[in-house]
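Q:
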Amino acid sequence: MEIRHQISAQEFLELRKSVQWKEVSLEILEQALCHSMDVVGIYENNTIVGMARLVGDGCFKAMLTDVIVKPFFQKKGYGKILIKEILKHVSSNVCIEANPTKGNIDFYVSCGFIYNPNEQEGVYLWTKKQ
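Numbers in our numbering are just positions in the sequence shown, counted from 1, shifted up by 13.
Structure, rendered in structure tokens:
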């Protein structure tokens with residue numbers, strides 16, 4: 014397994030297709046990658062199997078998005094590895110939000126996010142000052 018902090022638009026497209034997400038152009042995916050605070054790709058045998066990216070203002074608010082793991086590699090810990098790696102590079106006192114798809118809330122809670130459906134739509138994690 015190898016972790017990289019850069020992926021190509023083609024790899025992003027490949028991952029999106031693997032989980033049947035809406036197809037978008039390579040140009041749009043390239044722009045999304047360029048405007049991300051951080052992008053993490055996880056590779057097996059030099060082939061991408063998962064990714065996550067963080068977007069935001071870089072100091073106060075961020076959104077964890079595009080957490081994708083190819084179906085064959087799901088439920089094997091790759092998603093948690095991606096989130097842990099992205100969190101290593103976030104400054105302290107940042108509120109990170111995620112909007113999980115149906116059925117993925119428990120995964121985010123297991124990664125430390127807080128879910129309170131009476132008060133919010135998504136899940137949140139506050140980074141702490143060291």
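Think of the CB as a built atom: it goes at the ideal place given N, C-alpha and C, for glycine as much as any other residue.
(1) In three-state terms, what does DSSP make of D119?
(2) Which same chain residues, not among the five before or five after D119, have their C-beta less than 7 Å away from its C-beta?
(3) Among F25, K30 and N59, which one has its Cα closest to the Cα of V52?
(4) Going by alpha carbons, who is nearest to C72 out of I55, N58 and M50?
(5) What is the rounded straight-line gap between the Cα of Q23 and the Cα of L39?
(6) From what residue to what residue does the alpha helix (DSSP H) around G92 run?
(7) Count the other CB atoms, across all protein chains shown, that sit within 10 Å of the CB of D70; report buried if there are 16 or more and exposed otherwise.
(8) Quick one: what does DSSP say C108 is sitting in, helix, strand or coil?
A: Walking through what the data contain:
(1) helix
(2) none
(3) F25
(4) M50
(5) 7 Å
(6) Y91 to L100
(7) exposed
(8) strand
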